[in-house]
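Participant: Got a structure for you, questions after.
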Amino acid sequence: MRKHLAAIGAVLAIAGSASTASAAVRPSSDPLPPLDPAVLQAAISGLPNATVTGALINVTGSAGQWSGTSGVRDVKSGKPVAADGNFRVGSISKVFTAVVVLQLAAEHEIDLDRSVQHYMPGLLPASIPAITVRELLNHTSGLPDGTLGGGDAQWFVDHRLDSWTPQQIVADAVKYPMKFAPGTEQDYNGTNYYIAGMLIERVTGNSYAQEVRNRIIKPLSLHNTYVLDRHDPRLPGPHSHGYVALTKDGTTTLHDVSEQSPFPWAEGGLISNSGDLTRFVSAIFKGRLVPSSELDEMFTVPKVKYLGTDNCVIGPDAGQACYSAGLMKATMPNGLTGWGKTGSRPGYTSGLFATRDLSRVLVYSMNPTGNKDGSEMPYVIKIASAAFDPSLAGN
């Protein structure tokens, strides 16, 4: 996962180098280029292959629109990828979770400056210092990573239907030492968002799934977005199959992992499609989901160092925090900023990225075979380049 995130940082930096927050009427010197369909299609050409079986791109916004697909939705049937197909969105789920927490903050049900321990006494060991809700959302909690639910390709193929409760995931993580004192550094960590999901349930008395449906899915009519029970491995609706490649005795076999436990839940368990994600991010940026005072949290990055070199390593702020509440910020040498989020589950890699004024919104999904090893990142880089700066697409 760390290797994957490092590559993701580079991708978003490339995209962010061409994003802008200027007005809809753009001067000729503006770096956001017109869309080039040929370059976009070329970014996902040559599929299926050993690395990626299928991909889709959906670009929208006031500066132009384009969508395209490549490869197959099923290696057995050879049917083409459906442009409106559903996919596992992985860590894009965190954006949904952050939105719900910020809505509850706007309703004065949650105080972002109050501690996790205040809301859920006994969840964390007494040795862990007070961690605020804000520190959960922007990854400055210092909490450790856990090990449940992860393994090599063979392990995942064998255990893809296994699941763990959020309580088990958190209990496993906090057996390890804190990474740093809360609020002093930043480190991207899924443990934060398992706890955020549990906080939603504690405060509302409802399930996380119910709150996401009532607050986001139903109001925005996201008909292809699902929060399934951890024991429900389905991928509803039309979708491309996800595969994990296993090599034994020199022979590589693709194992269909389309059905897998969505146990990552508030951290990474949702299912959606490109149309729903475009509508979702547009509603966020327009202030339709989160009131302006809390919305600032989604566009505010803490002024601390980023721990390690797995992310936040590109641009003038390299080495500094780059995550806000639910989103990632990419500021480039020319001063332009873009915001987005990416996600990955075995068999599925996806992302959404937008300029602050929504002049350009990119959603992509692909089906890599490498069990989240980052082998598909050259394609992601090509997609981001093609959408935000076609001159980079051939580099």
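The sequence shown begins at 192 in this note's numbering and counts up one residue at a time.
Cβ coordinates follow ideal geometry from the N, Cα and C atoms, glycine included.
All of these numbers come straight from a predicted model, not from anything done at the bench.
Classify residue 306 as helix, strand or coil using the three-state DSSP reduction.
Facilitator: By one-based count along the sequence shown, residue 306 stands at place 115. Reduced to three states, the DSSP call for residue 306 is strand.
Participant: Hey, residue 246 and residue 560 are a contact pair by Cβ (cut 8 Å); roughly how many whole angstroms apart?
Facilitator: On the sequence shown, position 55 is the one that residue 246 refers to. On the sequence shown, position 369 is the one that residue 560 refers to. The Cβ separation is near 12 Å, so there is no contact.
Participant: Rounded to a whole number of angstroms, what is the C-alpha to C-alpha distance between residue 413 and residue 309?
Facilitator: Here the question's residue 413 lines up with position 222 in the sequence shown. Here the question's residue 309 lines up with position 118 in the sequence shown. Whole-angstrom Cα-Cα distance: 34 Å.
Participant: Per DSSP, residue 376 is paired with what?
Facilitator: Mapped onto the sequence shown, residue 376 falls at position 185. The partner list for residue 376 (beta bridge, DSSP) reads 496.
Participant: What number of angstroms, rounded off, separates the C-alpha of residue 478 from the C-alpha of residue 261?
Facilitator: Within the sequence shown, residue 478 is the residue found at index 287, counting from 1. Within the sequence shown, residue 261 is the residue found at index 70, counting from 1. Whole-angstrom Cα-Cα distance: 34 Å.
Participant: Which value, in whole angstroms, describes the spacing of the CA atoms of residue 579 and residue 226?
Facilitator: The residue given as residue 579 occupies position 388 in the sequence shown. The residue given as residue 226 occupies position 35 in the sequence shown. C-alpha separation (whole angstroms): 8 Å.
Participant: Do we get a CB-CB distance below 7 Å when we pair residue 563 with the residues of chain D?
Facilitator: Considering every chain present, this structure includes no chain D. It has just one protein chain.
Participant: I need the straight-line Cα distance from residue 397 to residue 577, nearest angstrom please.
Facilitator: As a working mapping, residue 397 is identified with position 206 in the sequence shown. As a working mapping, residue 577 is identified with position 386 in the sequence shown. In a straight line, the C-alpha of residue 397 is about 42 Å away from that of residue 577.
Participant: Thinking just about the alpha-carbon of each residue, which of 238, 332, 321, 255 is nearest to the one in residue 180?
Facilitator: No answer is possible for residue 180: the residues shown for the chain start at 192 and end at 586.
Participant: Output the boundary residues of the alpha helix (DSSP H) element that contains residue 389.
Facilitator: Start at 1 with the first residue of the sequence shown, and residue 389 comes out as number 198. Where residue 389 is concerned, the enclosing alpha helix (DSSP H) stretches over 382-395.
Participant: Compute the distance between the beta-carbons of residue 333 and residue 369, then report whether it is under 7 Å.
Facilitator: As a working mapping, residue 333 is identified with position 142 in the sequence shown. As a working mapping, residue 369 is identified with position 178 in the sequence shown. The answer is yes: Cβ separation under 7 Å.
Participant: Just to confirm the assignment, what range does the beta strand (DSSP E) spanning residue 286 have?
Facilitator: As a first step, residue 286 must be located in the sequence shown, where it is residue number 95. Element bounds for residue 286: not the beta strand (DSSP E) but the alpha helix (DSSP H), 284-297.
Participant: Under 7 Å, do residue 432 and residue 348 count as touching if we go by C-beta distance?
Facilitator: Along the sequence shown, read from residue 1 onward, the residue named residue 432 stands at position 241. Along the sequence shown, read from residue 1 onward, the residue named residue 348 stands at position 157. Going by C-beta atoms, residue 432 is not nearer than 7 Å to residue 348.
Participant: Rounded to a whole number of angstroms, what is the C-alpha to C-alpha distance between residue 411 and residue 476?
Facilitator: Translated into positions along the sequence shown, residue 411 becomes position 220. Translated into positions along the sequence shown, residue 476 becomes position 285. About 14 Å.
Participant: Exposed or buried, residue 346, counting other C-beta atoms within 10 Å across all chains shown (16 or more means buried)?
Facilitator: Here residue 346 corresponds to residue number 155 of the sequence shown, with the count starting at 1. Under this definition residue 346 is an exposed residue.
Participant: Using the Cα positions of residue 277 and residue 424, report the straight-line distance between them to the nearest angstrom.
Facilitator: On the sequence shown, position 86 is the one that residue 277 refers to. On the sequence shown, position 233 is the one that residue 424 refers to. Residue 277 and residue 424: Cα-Cα distance of roughly 14 Å.
Participant: Count the CB pairs spanning the segment 545-553 and the segment 467-476 that are closer than 8 Å, and state whether there are at least three.
Facilitator: Because the criterion of three Cβ pairs below 8 Å is met, the segment 545-553 and the segment 467-476 touch.
Participant: Classify residue 519 as helix, strand or coil using the three-state DSSP reduction.
Facilitator: By one-based count along the sequence shown, residue 519 stands at place 328. Reduced to three states, the DSSP call for residue 519 is strand.
Participant: For residue 497 versus residue 516, is the C-beta distance shorter than 7 Å?
Facilitator: Locating residue 497 in the sequence shown gives position 306, where the first residue counts as 1. Locating residue 516 in the sequence shown gives position 325, where the first residue counts as 1. No, these two residues do not count as a Cβ contact at 7 Å.
Participant: Can the beta-carbon of residue 417 be found less than 7 Å from the beta-carbon of residue 429?
Facilitator: By one-based count along the sequence shown, residue 417 stands at place 226. By one-based count along the sequence shown, residue 429 stands at place 238. No, the Cβ-Cβ distance between residue 417 and residue 429 is not below 7 Å.
Participant: According to DSSP, is residue 361 helix, strand or coil?
Facilitator: Against the sequence shown, residue 361 aligns to sequence position 170. Residue state, collapsed to three classes: helix.
Participant: Report buried or exposed for residue 236, applying the criterion of at least 16 other Cβ atoms within 10 angstroms of its Cβ.
Facilitator: In the sequence shown, the residue the question calls residue 236 occupies position 45. Exposed, because fewer than 16 other Cβ atoms sit within 10 Å of the Cβ of residue 236.
Participant: When DSSP labels each residue in this structure, what does residue 610 get in the three-state scheme?
Facilitator: The displayed coordinates of the chain run from 192 to 586. Any statement about residue 610 would go beyond what the structure contains.
Participant: Going by the beta-carbon positions, is the gap between residue 327 and residue 365 smaller than 7 Å?
Facilitator: Taking the first residue of the sequence shown as 1, we reach residue 327 at position 136. Taking the first residue of the sequence shown as 1, we reach residue 365 at position 174. Contact flag unset, no.
Participant: Measure the Cβ-Cβ separation of residue 248 and residue 532 and say whether it is below 7 Å.
Facilitator: Looking up residue 248 in the sequence shown gives position 57. Looking up residue 532 in the sequence shown gives position 341. No; because the gap between Cβ atoms is not below 7 Å, this pair is not in contact.
Participant: Determine the extent of the alpha helix (DSSP H) in which residue 225 is found, giving its start and end residues.
Facilitator: In the sequence shown, counting from the first residue as 1, residue 225 sits at position 34. Neither: residue 225 is in no alpha helix (DSSP H) and is coded neither H nor E.
Participant: Go to residue 279, then tell me how far its beta strand (DSSP E) extends in each direction, as first and last residue.
Facilitator: Translated into the one-based positions of the sequence shown, residue 279 becomes position 88. Counting along the chain, the beta strand (DSSP E) containing residue 279 begins and ends at 277-279.
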